[in-house]
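So the structure is just underneath, and the comments pick up after that.
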Amino acid sequence: MCSGLLFHLCATRWWTTSPPTCYIPANGWHWHRIHNFMMCALLSVWYTHVIVGSATSPVLGFVLEMMHKCSWMCCLQLNAFLAPRVFLVGTSLTLADICIFVVVHKAVTGFPVAQTKRFCNLLRWHDLMLNIAEWSGIIATVPLRKPVFDFTPPQPPPPQPKAPKTDPGQAQQADSKASSKAESKAAKKSSAVEATKT
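What follows is the structure in structure tokens.
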């Protein structure tokens, strides 16, 4: 099943990249193009440890056990591994993501609804894999309920009453009245100061 899916995905060419590229051969097929040599090295390490047969991989050793059991512990380990990551290896879709997706898909589709919060990172990654690839007609989708948020936006504050507009002529008259009052007060103070001196 895995090789048939990989062949289908290679034939549809949904992961085209720009040069320079290098290839990772798997069973005589060049399954994946890689953007740079760092990604090539990461995928080569993953390929050597998991696919070729070393069960002692420090990061992804649980995959071989999952191939046999699809146990809950392996799903929990994969969930914890995916917490800070979007993809399993590097920063884009690789052969590692496709292989693990094929292995994990049966277990993920069998999760009870009550367990979906427990595997949030695994389900996020699984949903990304379903949406990033052209799986229509090949793999069944997982029926997940989207959360319903009870949110009502706050009411806007009531508008402030506007001050009445005055004509420019009235504003000049008000300014002249205020200045004449200030002058009269100043004159009274100066006369009071002179009266106290004498």
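Under full-length UniProt numbering, the first residue of the sequence shown is numbered 1, with each subsequent residue one higher.
Built from N, CA and C at the ideal position, the CB exists for glycine as well.
Less than 8 Å between the CB atoms is what I'm expecting for residue i and residue j, so what's the real figure, rounded?
i, j, result
"residue 89", "residue 96", "4 Å"
Identify whether residue i lies in helix, strand or coil by the three-state DSSP scheme.
i, result
"residue 58", "Here the model assigns residue 58 a pLDDT of 43, short of 50, so the residue's position is not dependable, and the following value carries that caveat. In the structure shown, residue 58 sits in coil (DSSP, three-state: anything other than H, G, I, E or B)."
"residue 118", "coil"
"residue 83", "coil"
"residue 163", "coil"
"residue 150", "coil"
"residue 77", "helix"
"residue 101", "helix"
"residue 92", "coil"
Given this structure, state the Cα-to-Cα distance separating residue i from residue j, to the nearest angstrom.
i, j, result
"residue 123", "residue 78", "10 Å"
"residue 111", "residue 153", "35 Å"
"residue 104", "residue 75", "8 Å"
"residue 150", "residue 98", "37 Å"
"residue 102", "residue 116", "19 Å"
Thinking just about the alpha-carbon of each residue, which of the options is nearest to the one in residue i?
i, options, result
"residue 85", "117, 108, 128 and 74", "128"
"residue 118", "87, 148 and 80", "80"
"residue 147", "113, 132 and 102", "113"
"residue 132", "185, 92, 161 and 184", "92"
Using a beta-carbon distance below 8 Å, is residue i in contact with chain C?
i, result
"residue 147", "Considering every chain present, this structure includes no chain C. It has just one protein chain."
Can you give me the Cβ contacts of residue i inside the same chain, cut-off strictly under 8 Å, excluding the 5 residues immediately before and after it?
i, result
"residue 108", "75, 119, 122, 123, 126 and 142"
"residue 155", "none"
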